[in-house]
Each structure stands twice: as C-alpha cells, then as structure tokens.
Amino acid sequence: MNSAKEQRDYSDDKIALEHVISDIVSKANNELKAIKLSSTLNSIVKLESSLTNHPPKDSNIPISITEDETKKIENQQTDDKQDSQQQHISTLHSTTQNLKSRVSPYAVTDTLAAFVLRSVALDPQNKFDVDMEFEPNEVNRLINTCVEKIVQTNSPQMETVKMQVYFDTHFPAQADFLQKEKMSRTQACSVVLKEITDIKTKSVSIYESLYRKVASYVLIKSHVGNPTDIRIIREGTAALESVFPQSELSTFIPLTRVEKEEQLNGLTQLVTGIRLFNKQLGKGGESIDNLPELCASELQDLTTTVGQLTTETETFIQVYSGAIDYLTKFPEEQFEEVSLPNIKSALAFRRQLLMYLDALQDQMIRSRSTLLTLSNKFDSSVQELKTICRAKTAVAVDQVYPHFLLLSSLWINWLDELFLLSFRRGLIDVLEFHSKSFEALIPEKLKVASSSFLKDVEPVNLSEQEIIAAASELMVAVTSINRGVDIIHPGNITNYFNIPVEYGGFCPVTLLFRDGLVVPGNKNIGLLRYKDSVFCFAGIREAKEFAKTPEKFIEGVVIKAKFNPDLVQLLHLYQYFPTVDALEKARSFTRQKLLGKLPMVSEVGTQVDTHIVDGYIDPKYKWNEWELRRSALLLVNLKNKRTHGAQTDLSHFKRDITQTSTESSTSVPRRVNFHRGLRNDGKNVKFKVVDLTLNL
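The end of the sequence shown is residue 784 by my numbering, with every number in the run present.
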C-alpha cells in the first residue's frame with residue numbers, strides 16, 4: 089500500500105519543498121528495499137540450490153537440467169568427497185542464513201534526496217523550468233525522476249553522489265557524534281543519580297542502601313569494567329571506602345542537588361584513578377579492558393585498511409586514465425562492454441574516494457600522535473605515584489589525589505579516541521561499500537594496449553627553480569594573449585603549494601574539451617590568476633586556451649556540473665550551487681533556491697531606531713512665551729545700562745595666568761621631641777624622650 093506521503097495532493101498553488109523531499113525519501117526507500125531484498129534472496133536461493141542440487145522454489149531453472157547435473161556429480165564423487173561436500177554445505181548454509189538476517193536496504197536520507205532533487209531540477213535534459221511555478225504533474229514527474237536516479241544500480245555517478253553526501257555530512261561532524269556519545273554515557277546513570285539526589289532524610293537505616301547506590305553510580309559513570317560483575321563491584325566499593333567512607337553520608341545528604349552531583353563526579357574520578365593504579369601494581373583490575381592496547385590495535389588496523397584502499401584506488405585511477413587516453417587517441421578501436429562515459433564517471437568516483445582516504449589518513453596521523461601523548465602522560469603519572477607511595481604506610485591526600493584525577497581523565501580520553509576510531513571505521517566501511525557497488529571493468533586486452541599510457545596519479549612536485557623557469561615560459565605565452573591574467577610561482581608568492589586553487593585543483597580546460605574528464609592540474613608549470621581566483625592546468629596548451637576566453641570556461645564548468653551532479657562536490661562548486669541545508673529549508677521552487685551565483689539569503693528580523701539622532705536636552709530651554717518675552721525685555725534693558733569695571737591695569741593680566749602653589753624647598757618632616765619626666769611629681773617616673781615627629 090502506498091503511504092500517506094505518496095498520496096499527497098499537489099494541487100496547491102505553493103508547493104513546500106520539504107514535502108517533495110519527504111516523498112522522494114519515502115518512495116526511494118521502498119524501491120530500494122524491494123530491489124535489494126529481491127536481489128539478495130535470489131542470490132541466496134541460487135546458492136542453496138547449487139549446494140543441495142535441487143532447483144529452488146519459484147525459480148526459472150529447468151528441472152531436467154538440474155537432474156542431469158545431479159547425475160554427473162553423483163557419478164564423479166567418492167565417499168570422501170561427499171563427506172567433505174556435506175561439511176562445506178553445512179557451513180555455507182549457516183552463511184546464507186546469516187545473510188538472510190542481515191538484509192537491510194540502503195537508507196535514503198533527506199540530505200541525499202535534496203541533493204538529487206537539485207541536480208534533477210537543474211539538469212537541462214529533464215526540461216524543468218525552475219523560474220516558473222511547478223504544476224502538480226510536474227512535481228510528480230520530478231519526484232519520479234529523482235526516485236529513478238536514486239535507485240539506479242551499477243551507476244558510478246550515483247554512487248559518487250551517495251558517497252559524497254554521506255561523507256560530507258558525517259566526517260565534519262565527528263565532534264557532534266562524540267558529544268552525543270558522552271551524553272548517552274551520562275544518561276546511562278541518570279536514574280541512579282536521581283535516586284541518590286532525591287534522598288533527604290538522615291535516617292541511619294537508609295545509609296547502607298544509599299551507599300550501595302553511590303558505589304553503583306561510580307562504577308556506571310566510570311565505564312571501567314562491567315558494573316554488574318561481582319569482582320568489579322567489590323573492587324570499586326573498596327576503592328570508594330578509601331576516599332568516601334559510609335560515615336560521610338551524614339554530611340553528604342544535606343547538600344544540594346548540584347553539590348551532590350559534583351561530589352559524585354569527583355568520587356568517580358578518584359575511584360577510577362585508584363582502580364587504574366592498582367591494575368598497574370598488579371593488585372586488581374583483571375576485568376578492566378586494556379584501552380591503550382585496543383586503541384593501538386584499532387588504529388593499526390584502520391591505517392592498514394586505508395593504505396590498502398589508497399593503493400587500490402590509485403591503481404584504478406591509473407588504469408582508467410590510461411584506458412581513456414588510449415580510446416581517445418584510437419577511437420576506431422572497439423572493445424565489448426566498454427563505455428567511455430561510464431569509465432569517466434568511475435574515474436571521478438575514484439578521484440573523490442582518494443580525497444576522502446587522504447583526509448582519513450590525516451586523521452589517523454593525528455590520532456597516533458594523541459594516543460602517544462596519552463600513553464606518555466599515563467606512564468609518567470603512574471611512575472610518580474609509585475615513587476610517592478613506595479615504602480610509605482600513609483600518604484598525604486594532596487600528593488596522590490591529583491594523580492588519580494589525571495589517570496581518570498586520561499582514561500576518558502582513551503574512551504573518546506576509541507569511539508572516534510570506531511566512528512572512522514564506519515566511514516571506511518561505507519566508502520568501501522560504495523566502491524564495490526558498481527563495476528567499470530576494463531578488458532584485459534585494453535589494459536595491455538593502454539599500458540604505455542599509464543601515468544602518475546598526480547604530478548610529482550619539482551624544485552622551486554624548475555617551477556620558476558617553467559612559469560616564466562608560461563608567463564611569456566599567456567601575457568601576450570590576455571593582460572588581465574597573472575602567473576603565480578614560488579618566486580612571487582610564499583607557501584606556493586598550499587594556495588587554494590579553483591575546482592579542487594583539476595584542469596577546467598580538459599574537463600570541457602574531453603567531455604567531463606577530471607585531470608589534476610600540474611603546479612610545476614605555475615598557476616594562473618584571474619579576477620582573484622587561482623586556476624591550475626594540465627599543461628601549457630590548456631593554460632593558453634583558458635587565457636583566451638576565461639569567462640567561457642568558467643561558465644562551461646558550471647554547465648557541465650548541471651549534467652554531472654557528481655562534479656559539484658568534486659570541483660568545489662559551492663558558490664554556484666546552494667548547500668543541501670538550504671535546499672532542505674527551502675519553501676518553494678525558485679532559482680534562488682536551486683541555482684546560482686545569486687547570494688543565499690535568510691530571514692532575519694530588523695528594527696529601525698525611533699530616534700536616529702542622539703537626543704539632547706537643554707536644561708535652560710524655555711517653551712513658555714511669557715518667559716521668552718521676559719528674557720527679551722531684560723536683554724533690551726541692557727542697552728540703557730552702563731557697566732563698571734573693578735579691574736586695574738595690572739590685575740587684568742591674571743586672566744591669562746595659571747596660578748599653582750610653589751615651594752622653595754623640599755617638604756621634610758620637622759623633628760619634635762618631648763622630654764617626659766622632667767618635672768618631679770613624686771610618682772617616681774623615669775625620664776624618657778618621646779618622638780613626636782609626624783611622617784608627612
């Protein structure tokens with residue numbers, strides 16, 4: 089049955105884009121589920137039928153053929169071979185049952201649907217006019233076209249789009265996924281935390297149950313070992329009693345909720361540090377996982393996998409590039425099952441995959457450095473603790489507690505790194521899945537014929553002097569064609585090899601002249617700058633062609649990307665196409681939403697100030713006309729008055745003089761002494777000099 093989304097009526101004048109995206113997701117998921125389930129089950133049925141020598145139910149294999157094959161096999165097999173085959177059959181039967189339980193279709197997300205929607209609407213071949221309001225039948229045609237694109241099988245172009253959407257929405261969001269993982273760890277002990285913080289009574293009868301809950305919270309929060317293991321519980325409780333005995337509950341219960349949570353978290357760190365230290369001493373911790381070893385093993389495994397995929401991808405790129413060059417030079421050569429556009433799309437897929445693998449390789453290098461730092465800090469802290477605790481029955485708290493807290497913090501960092509490594513393992517599995525989702529086979533005859541056309545995946549960087557010499561030659565050739573074009577080389581700019589280049593460093597001229605072929609530019613001949621944009625070209629001839637009509641090639645690349653949606657992400661054409669997030673939030677079909685150099689806008693609130701000019705209040709301002717009349721009369725009266733000055737010829741000069749206090753000497757304190765006891769009053773007072781000097 090069709091869902092409600094599939095039966096939505098598009099007769100309204102304004103069509104919400106999110107509704108269209110939702111319908112595309114629903115229909116595509118249903119189609120993929122049916123396709124993948126059918127293909128997987130058919131493969132399983134054929135495998136089982138070949139093992140049991142019986143035709144599958146509802147299959148198209150004739151019974152007679154199966155019986156003939158069965159007789160041949162029975163005549164050829166011996167008893168030993170039959171036993172071996174039965175064992176092999178039982179093994180493969182379990183494998184097929186496992187396959188049946190793991191049949192799961194590829195999930196189509198809103199992000200993928202929005203990306204495909206954009207590419208379909210902008211593709212001129214589909215004849216959608218994005219400047220006009222879509223009719224209901226046009227919307228239905230758009231949805232069906234998008235679904236057909238998504239459910240395509242053995243399509244390098246579509247697999248490239250799916251891989252790009254998945255990787256670009258997950259790889260940059262590793263920190264977000266890690267934060268969600270930390271939140272899930274916190275929520276795992278939220279119930280126990282609430283039970284602890286809700287207790288308000290100081291009854292001695294609840295102390296034992298409350299202490300057990302505190303111990304349980306500490307074990308769950310630490311994520312060190314299985315909190316349900318009796319050995320872990322005893323070990324954790326013993327560590328907790330050493331820093332927080334049960335008698336301390338009387339001071340713990342009156343605390344506020346926030347103070348209780350802070351103290352519990354502090355206890356968790358201390359207990360974790362103590363347990364980890366005891367494990368290093370060999371006094372417990374047998375059931376604690378060796379996280380450093382797990383992280384190192386996982387990192388080594390990932391590094392090996394990425395290295396193998398990188399080598400395999402580079403080999404594919406060389407083979408595809410050589411085959412394309414050979415077929416372009418000898419178009420009269422004909423090879424069966426060879427499609428030049430399909431090979432070009434497969435080459436674009438491998439180029440994109442290689443970029444993603446390089447990004448993951450950089451992540452592996454940083455992870456290796458992080459794990460090494462964590463290991464050094466952990467070993468150093470353990471060694472310091474051993475030195476402090478050696479030959480001592482009692483140790484000051486302020487000496488060991490900081491080290492316990494540090495051990496706990498390092499352990500949490502190892503947990504985070506292990507999660508990130510597992511997350512990247514998932515990314516690698518998805519990349520490997522997409523790389524095996526299509527076939528672009530090159531016949532062995534074509535491989536042999538194109539072996540002389542094999543080249544490096546990317547040009548090897550030359551020395552700066554060689555690049556400057558080649559760039560000088562290019563400058564002479566290009567300047568005479570177009571003076572608005574500059575040549576960049578290591579002689580006139582620093583950090584030459586790290587300059588951001590348009591189109592991801594691929595040659596735009598080759599892309600247009602060879603119908604969508606992606607070839608990396610050669611920085612050894614210099615870079616070309618046009619209107620504050622830097623371009624790289626495969627050779628000097630391509631650079632000359634670009635210098636003749638730069639705008640033609642810039643516009644041509646955008647048009648080519650409309651026909652090939654996999655090039656949008658590969659060539660970094662973000663400024664010409666809207667982001668997927670903008671498409672998901674769009675409310676209608678407009679050119680601003682679907683295409684272009686037009687700036688992306690968003691709805692924001694603005695407020696105009698009531699008073700543009702700053703206010704000024706005159707305290708002497710008079711608005712009463714009678715007050716104004718009175719002031720006017722006073723001013724008129726001054727004309728009939730005579731003034732009398734009291735200044736002399738010398739005193740009027742003081743108006744230009746600034747008077748300051750002056751001193752003729754330094755103000756030093758004046759010593760004053762008082763002689764006490766000079767007068768004999770009969771009280772037997774001893775004579776004494778009293779200093780009365782004031783310290784000014």
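All C-beta atoms in this analysis are idealised placements derived from N, C-alpha and C, irrespective of residue type, glycine included.
Hey, could you find the ends of the alpha helix (DSSP H) His258 is sitting in?
The residue labelled residue 258 in the question sits at position 170 within the sequence shown. His258 -> alpha helix (DSSP H) spans Pro244 to His258.
If you check the beta carbons only, do Asn242 and Ser525 fall under 9 Å apart?
Taking the sequence shown and counting its residues from 1, one reaches residue 242 at position 154. Taking the sequence shown and counting its residues from 1, one reaches residue 525 at position 437. Yes. Within cutoff.
Local conformation of Asp377 per DSSP, three classes
Taking the first residue of the sequence shown as 1, we reach residue 377 at position 289. Residue state, collapsed to three classes: coil.
Report the CB separation of Phe541 from Gly410 in whole angstroms; it is logged as a contact under 8 Å.
Here residue 541 refers to the residue found at position 453 of the sequence shown. Here residue 410 refers to the residue found at position 322 of the sequence shown. About 4 Å; that satisfies the 8 Å criterion.
Does the Cβ-Cβ distance between Ala327 and Ile376 come in under 9 Å?
Working through the sequence shown from its first residue, we reach residue 327 at position 239. Working through the sequence shown from its first residue, we reach residue 376 at position 288. Result no, Cβ atoms of Ala327 and Ile376 do not sit closer than 9 Å.
Drop a sphere of 10 angstroms on the beta-carbon of Asn586, count the other beta-carbons inside from all chains shown, and report buried for 16 or more, exposed for fewer.
Within the sequence shown, the letter at position 498 stands for residue 586. Asn586 should be labelled exposed.
Just verifying my parser: in three-state terms, what is the DSSP assignment at Asn712?
Along the sequence shown, read from residue 1 onward, the residue named residue 712 stands at position 624. Of the three classes helix, strand and coil, the one that applies to Asn712 here is coil, per DSSP.
Going by DSSP, what residues sit across from Phe594 in a beta bridge?
Against the sequence shown, residue 594 aligns to sequence position 506. DSSP, once it has assigned bridges, lists Pro608 as partnering Phe594.
So does Lys288 have its beta carbon nearer than 8 Å to some heavy atom of the ligand ATP?
The ligand ATP is not part of the structure shown, which contains no ligands of any sort.
By the 10 Å Cβ neighbour count, where 16 or more other Cβ atoms means buried, how is Pro333 classified, buried or exposed?
Residue 333 sits at position 245 when you count from the first residue of the sequence shown. By the 10 Å Cβ count, Pro333 comes out exposed.
For Pro193, does the three-state DSSP call read helix, strand or coil?
Counting from one through the sequence shown, the residue named residue 193 turns up at place 105. Confidence is the limiting factor: at Pro193 the pLDDT is only 37, short of 50, which leaves the residue's position unreliable and the question unanswerable from this model.
What's the gap between the Cα of Val196 and the Cα of Phe641?
Locating residue 196 in the sequence shown gives position 108, where the first residue counts as 1. Locating residue 641 in the sequence shown gives position 553, where the first residue counts as 1. Taking the straight line joining both Cα atoms gives about 35 Å.
Burial state of Ala202, where buried means 16 or more other Cβ atoms lie within 10 Å:
Working through the sequence shown from its first residue, we reach residue 202 at position 114. By the neighbour-count rule (16 or more Cβ atoms within 10 Å), Ala202 is buried.
Could you tell me the alpha carbon to alpha carbon distance between Ser297 and Val280, rounded to whole angstroms?
Numbered from 1 along the sequence shown, position 209 holds the residue referred to as residue 297. Numbered from 1 along the sequence shown, position 192 holds the residue referred to as residue 280. Using only the alpha carbons, I get a separation of about 12 Å.
Three-state secondary structure (DSSP) at Ser621?
The residue given as residue 621 occupies position 533 in the sequence shown. Strand at Ser621.
Cβ neighbour criterion (16 or more within 10 Å) applied to Phe631
Residue 631 sits at position 543 when you count from the first residue of the sequence shown. In the sequence as displayed, the identity of residue 631 is Ala instead of Phe. The residue is buried, with at least 16 neighbouring Cβ atoms inside 10 Å.
Report the option in Thr392, Lys465 and Val302 whose CA atom is closest to the CA atom of Pro380.
As a first step, residue 380 must be located in the sequence shown, where it is residue number 292. For Pro380, the nearest C-alpha among the options comes from Lys465.
Cβ-Cβ separation, Val249 to Thr233 (assumed contact under 8 Å), whole Å:
For the purposes of this step, residue 233 is taken as the residue at position 145 of the sequence shown. For the purposes of this step, residue 249 is taken as the residue at position 161 of the sequence shown. Thr233 to Val249, Cβ: 14 Å. No contact.
Along the alpha helix (DSSP H) that carries Asn430, what are the first and last residues, could you check?
Here residue 430 refers to the residue found at position 342 of the sequence shown. First-last of the alpha helix (DSSP H) with Asn430: Leu428 to Cys477.
Closest to Ile318 by C-alpha separation, out of Gly373, His660 and Lys535, would be which residue?
Sequence index remark: in the sequence shown, residue 318 carries index 230 (1-based). Of Gly373, His660 and Lys535, the residue nearest in Cα terms is Gly373.
Check His107 in the structure and name its three-state DSSP category.
Counting from one through the sequence shown, the residue named residue 107 turns up at place 19. Helix, per DSSP.
Starting from the C-beta of Ser178, find all residues in its chain whose C-beta is less than 8 Å away, skip the five residues before and the five after it, and write them out in chain order.
Working through the sequence shown from its first residue, we reach residue 178 at position 90. At Ser178, the pLDDT of 48 sits below 50, so the modelled position is not reliable; the number obtained from the coordinates is stated separately. Around Ser178: no qualifying Cβ.
Alpha-carbon to alpha-carbon, Arg512 and Thr475:
What you label residue 475 is simply residue 387 of the sequence shown in a count that begins at 1. What you label residue 512 is simply residue 424 of the sequence shown in a count that begins at 1. Their Cα atoms are separated by approximately 39 Å.
Grouping DSSP H, G and I as helix and E and B as strand, with all else coil, what is Asn228?
Within the sequence shown, numbered from 1, the residue matching residue 228 stands at position 140. Of the three classes helix, strand and coil, the one that applies to Asn228 here is helix, per DSSP.
Alpha-carbon to alpha-carbon, Ala303 and Gly354
Translated into the one-based positions of the sequence shown, residue 354 becomes position 266. Translated into the one-based positions of the sequence shown, residue 303 becomes position 215. About 13 Å.
Between Asn501 and Leu462, which are expected to be in contact by the criterion C-beta below 8 Å, what is the C-beta distance as a whole number of angstroms?
The residue given as residue 501 occupies position 413 in the sequence shown. The residue given as residue 462 occupies position 374 in the sequence shown. With a Cβ gap of about 6 Å, Asn501 and Leu462 count as contacting.
Measuring CA to CA, which of Asp217, Ile576, Asp211 and Arg273 is closest to Tyr618?
On the sequence shown, residue 618 is found 530 positions in, with the first residue counted as 1. Comparing Cα positions, the closest option is Ile576.
Distance check for Ile516 and Ser497, CA to CA, integer angstroms please.
The residue given as residue 497 occupies position 409 in the sequence shown. The residue given as residue 516 occupies position 428 in the sequence shown. Rounded to the nearest angstrom, the two C-alpha atoms are 29 Å apart.
Residues in its own chain within less than 7 Å of Lys535 by CB, not counting five upstream and five downstream?
Here the question's residue 535 lines up with position 447 in the sequence shown. Val407, listed in sequence order.
Return the bridge partner residues of Asp779 from the DSSP annotation.
Taking the sequence shown and counting its residues from 1, one reaches residue 779 at position 691. BP columns for Asp779 point to Asn761.
Between the CA atoms of Gln275 and Ile52 - distance to the nearest angstrom
Nothing can be reported for residue 52: it is not among the residues displayed for the chain, which extend from 89 to 784.
Let's see if you can read the secondary structure: which residues bound the beta strand (DSSP E) around Asp574?
Taking the first residue of the sequence shown as 1, we reach residue 574 at position 486. Taken as a continuous stretch (DSSP letters only), the beta strand (DSSP E) holding Asp574 covers Asp574 to Ile576.
Same chain only: Cβ atoms within 6 Å of Gln422, ignoring 5 sequence neighbours per side
Numbered from its first residue, the sequence shown carries residue 422 at position 334. So the list is empty, once near-sequence residues are dropped.
In this structure, what does DSSP give as the bridge partners for Leu615?
Indexing the sequence shown from 1 puts residue 615 at position 527. DSSP, once it has assigned bridges, lists Ile576 as partnering Leu615.
Under a three-way DSSP split, which group does Glu639 fall into?
Counting from 1 along the sequence shown, the entry for residue 639 is found at position 551. Residue state, collapsed to three classes: helix.
Drop a sphere of 10 angstroms on the beta-carbon of Arg206, count the other beta-carbons inside from all chains shown, and report buried for 16 or more, exposed for fewer.
For the purposes of this step, residue 206 is taken as the residue at position 118 of the sequence shown. That one is buried.
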